[in-house]
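Sequential numbering from 0 applies to the sequence shown in numbering that gives the first Met the number 0.
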Amino acid sequence: MRIGIQGWGSEGDLRPLLALGVRLRRRGHEVRLVLSRVDEMDYAPECREHDVQLQMVPEQMAYSLRGICQASQSKDPAKVSVALMDQAFYPYLEQMYAAALELCGRSDVVLGLFSSFYVKAACLKTGTPFACVHYYPGLIPSREMPPEGFPSWRWLHPVSWALVGKLIDMAFLKPAAKFYASKGLPRVRHALTDVNMSERLNLIGTSPALFTHPADWGSRSVLCGHFGMPEAAAPWQPTPALREFLEAGEKPILVSLGTMEHLAPERARDLVTSALRQAGVRAIVQTKVGGAGAEEGRDGDLFWLRWAPHHRLLRHCSAMVLHGGAGTTHAALRGGVPGVVLPFIFEQRLWGNLLHRAGSAPKPLGFWKATPEKLAALIREATTSEALRHRAAELGAKVADEDGAGVAAKLLENLELDPEQSGQAVTERKHGS
Numbered sequence: 000m001r002i003g004i005q006g007w008g009s010e011g012d013l014r015p016l017l018a019l020g021v022r023l024r025r026r027g028h029e030v031r032l033v034l035s036r037v038d039e040m041d042y043a044p045e046c047r048e049h050d051v052q053l054q055m056v057p058e059q060m061a062y063s064l065r066g067i068c069q070a071s072q073s074k075d076p077a078k079v080s081v082a083l084m085d086q087a088f089y090p091y092l093e094q095m096y097a098a099a100l101e102l103c104g105r106s107d108v109v110l111g112l113f114s115s116f117y118v119k120a121a122c123l124k125t126g127t128p129f130a131c132v133h134y135y136p137g138l139i140p141s142r143e144m145p146p147e148g149f150p151s152w153r154w155l156h157p158v159s160w161a162l163v164g165k166l167i168d169m170a171f172l173k174p175a176a177k178f179y180a181s182k183g184l185p186r187v188r189h190a191l192t193d194v195n196m197s198e199r200l201n202l203i204g205t206s207p208a209l210f211t212h213p214a215d216w217g218s219r220s221v222l223c224g225h226f227g228m229p230e231a232a233a234p235w236q237p238t239p240a241l242r243e244f245l246e247a248g249e250k251p252i253l254v255s256l257g258t259m260e261h262l263a264p265e266r267a268r269d270l271v272t273s274a275l276r277q278a279g280v281r282a283i284v285q286t287k288v289g290g291a292g293a294e295e296g297r298d299g300d301l302f303w304l305r306w307a308p309h310h311r312l313l314r315h316c317s318a319m320v321l322h323g324g325a326g327t328t329h330a331a332l333r334g335g336v337p338g339v340v341l342p343f344i345f346e347q348r349l350w351g352n353l354l355h356r357a358g359s360a361p362k363p364l365g366f367w368k369a370t371p372e373k374l375a376a377l378i379r380e381a382t383t384s385e386a387l388r389h390r391a392a393e394l395g396a397k398v399a400d401e402d403g404a405g406v407a408a409k410l411l412e413n414l415e416l417d418p419e420q421s422g423q424a425v426t427e428r429k430h431g432s
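Given below as C-alpha cells:
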C-alpha cells in the first residue's frame, strides 16, 4: 500500500509521525512523509536509514522564535499560540496544502495530524481516504466521560461536550471554515468533528495506562498506545563526558522542556537551575538554548546536553522534569520514573493531570507561575516519595511491551479502501484538478 503521512509542528508532534512511517515501511508499505517543522530538528538521516521518503515543506521557515518569545511575555498561553500560528502556520498554509494535494495523488491513503487541517482538506478535494493522528484523547467526545475539568455526571456529559465544542469553534473554526470555502469544499460546521477528526479512522497515540478507551468510540477512534520508534531504530550511547558524569554520583534527574523553552529561555534557565540547586540534586538539563553558556558539558552537579533519546537517557535517571508534551509524558511513563510536569500551555497541563491521576507525578506546576522554591519542593517529592517511585516503576513495566505504532499500522492495513475512490486521487492530479 502507498501511504502518505503529513503534519505540522515541533519535534513532539512530528517524531511520532516518523515512528509510524518507519513501522509501516518495515511492514512493506511505500511511505512518503511530508513535514512542516517549527523547530530545527533534522529528520533526514533517520528517513534515509529506514527508507522513508521525506519532503520538508518549506525547507526552512522564516520566522523568529524571539518574536514568539516576546508574545509570551504576557504569560498568556493563548497569545503564545496565536503568535505561533500567525508566524509559522498561516504564512505557509497554501504551500503545505499544495504539498498535501501532491501527496494525495501518490497515495492510497493519507494520514494527517489532527492540527493540520489542510491535509484533510486535500483528501476531501481529491477523494483520497483520510485517517487522522491524535495525541491527547480527552478531546474526542464520549457519552461515558466528561471533558477535562467538568463534573462526572453522566446526564451532563452531552451538555458539557456541546459547550466544549462551542469553545473550540470560537477559537479555531473561522480560519478553517474560510480555507475550506476557498477550496470549494463542503461547509465546515464544527472544528472538532469536521476539521480535526476523520470519519474513517482516528489513531490516538496515548497509552492505555493513562486513559481508558470509551466503549462508545467504536472502531472509528482507537487508543493505540504511544507512537515510539522501535528500540533498534534509535541507537544511542552516552558521550565519554556524559558517561563520566553519570558514574560520578547518584542517579541524576532529567530536565527536558522541549521546544517550549524557546518561549522564555532566560526564565526557563534561571528557574530550572535555581530549583535544581535548592533541591540539592544532580541533573542532566537537555536544552538547545544553552545553560551556563551554549556548550554541552558539566557545570558542577549539572550536565548540559543538547539532545539524546529520552527513553534511553532515562535508564540512567531517577526522575524527570518535563513540559508535559505527549512525547515527554510518555517518555517518563515508559522510563518508569516519577515526573514533575511544568506546563507552558493548557494542553500540557492536561497531560500533567493524566500522569498525576495515574499516580506517578505530583500535581502539575504551571511554568508561568512557578518559583524556584515551588519547583524545588516538587523535585524533592519526586525523588524521595516511595509511593511515586513504586507507581512509576509499576507503570513503566506495564507499558514496556506497548507497541502503539504497530497497532496503528495494522489498523491502517485493515482500513477498507474503495479502489475507485483511492485511484480517483491519481486521476484528478493527472488532469490538474
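Backbone N, C-alpha and C fix where the C-beta goes; we use that ideal spot for every residue, glycine too.
Within its chain, find whatever has a CB closer than 7 Å to the CB of residue i; leave out the 5 residues flanking it on each side and keep chain order.
| i | result |
| --- | --- |
| G405 | R22 |
| R281 | G248, E249, P251, D300 |
| P207 | L222, G224 |
| A190 | I167, D168, F171, L172, A175 |
| S151 | P145 |
| K373 | L364 |
| E419 | With a pLDDT of 43 at E419, under the threshold of 50, the predicted position of this residue should be treated as unreliable, though the coordinate-derived value follows. No residues qualify anywhere along the chain. |
| D215 | S141, R142, E143 |
| K362 | H355 |
| P371 | L270, S273, A274, Q277 |
Using a Cβ-Cβ cut-off of 6 Å (strictly less than) and excluding sequence neighbours within five positions of residue i, which residues of its own chain qualify?
| i | result |
| --- | --- |
| V149 | Contrary to the premise, residue 149 reads as Phe rather than Val in this sequence. So the list reads S159, once near-sequence residues are dropped. |
| A396 | none |
| R350 | According to the sequence shown, residue 350 is Trp rather than Arg. If we look at W350 and ignore the five residues flanking it on each side, its Cβ neighbours are G323, T328. |
| T258 | S9, D38 |
| S115 | G6, W7 |
| S197 | F129, A130, C131 |
| G292 | With a pLDDT of only 45 at G292, under 50, the local geometry of the prediction cannot be trusted, and no value is derived from it. |
| I139 | S220 |
Residue i and residue j look like a contact to me (Cβ under 8 Å); what is the Cβ gap, rounded to whole Å?
| i | j | result |
| --- | --- | --- |
| V284 | L304 | 7 Å |
| R199 | A130 | 6 Å |
| D50 | R24 | 6 Å |
| L19 | L110 | 7 Å |
| L353 | F210 | 7 Å |
| L245 | H315 | 5 Å |
Three-state secondary structure (DSSP) at residue i?
| i | result |
| --- | --- |
| I4 | strand |
| E29 | strand |
| W306 | coil |
| R314 | helix |
| F129 | strand |
| I203 | strand |
| R348 | helix |
| R36 | strand |
| Q94 | helix |
| I378 | helix |
| R297 | strand |
| L321 | strand |
| A392 | helix |
| I252 | strand |
| Q285 | strand |
| G111 | strand |
| L17 | helix |
| L416 | coil |
| L196 | For the sequence presented, residue 196 should be read as Met rather than Leu. Here M196 sits in coil by DSSP. |
| L23 | helix |
| M55 | strand |
| L354 | helix |
| V271 | helix |
| V336 | coil |
Evaluate residue i with the Cβ neighbour count: other Cβ atoms within 10 Å of its Cβ, from every protein chain shown; 16 or more gives buried, anything less gives exposed.
| i | result |
| --- | --- |
| D298 | exposed |
| G279 | exposed |
| Y135 | buried |
| Q236 | exposed |
| Q347 | buried |
| A99 | buried |
| S359 | buried |
| R268 | buried |
| A61 | exposed |
| G510 | Lying outside 0 to 432, the shown extent of the chain, residue 510 is not represented and no answer is given. |
Mind checking whether the beta-carbon of residue i lies closer than 8 Å to any heavy atom of the ligand FAD?
| i | result |
| --- | --- |
| L313 | As presented, the structure is devoid of all ligands, the ligand FAD included, so that no description of it is given. |
Take residue i and list the residues in its own chain whose beta-carbon comes closer than 8 Å to its own, dropping the five residues that flank it on each side.
| i | result |
| --- | --- |
| L414 | V108, P128, A130, R199, L200 |
| P57 | S35, Y91, Q94 |
Report yes or no: is there a C-beta of chain D within less than 9 Å of the C-beta of residue i?
| i | result |
| --- | --- |
| V81 | In summary, chain D is missing from the structure at hand, where a single protein chain is found. |
At least 3 beta-carbon pairs within less than 8 Å: the stretch 23-31 vs the stretch 1-12: Counting C-beta pairs closer than 8 Å gives three or more between the stretch 23-31 and the stretch 1-12, which meets the contact rule.
Contact the stretch 102-111 vs the stretch 154-169: 3+ CB pairs below 8 Å: no
Take every Cβ of the stretch 269-276, pair it with every Cβ of the stretch 323-333, and state whether three or more of those distances are shorter than 8 Å. Contact between the stretch 269-276 and the stretch 323-333 is absent, because fewer than three Cβ pairs lie under 8 Å.
Looking at C-beta atoms only, is the number of pairs between the stretch 399-416 and the stretch 319-328 that lie closer than 8 Å three or more? Because the criterion of three Cβ pairs below 8 Å is not met, the stretch 399-416 and the stretch 319-328 do not touch.
State whether the stretch 176-187 contacts the stretch 378-389, with contact taken as three or more CB pairs (one from each stretch) at a distance under 8 Å. For the pair of segments examined, the stretch 176-187 was found not to touch the stretch 378-389: the number of CB pairs separated by less than 8 Å stays below three.
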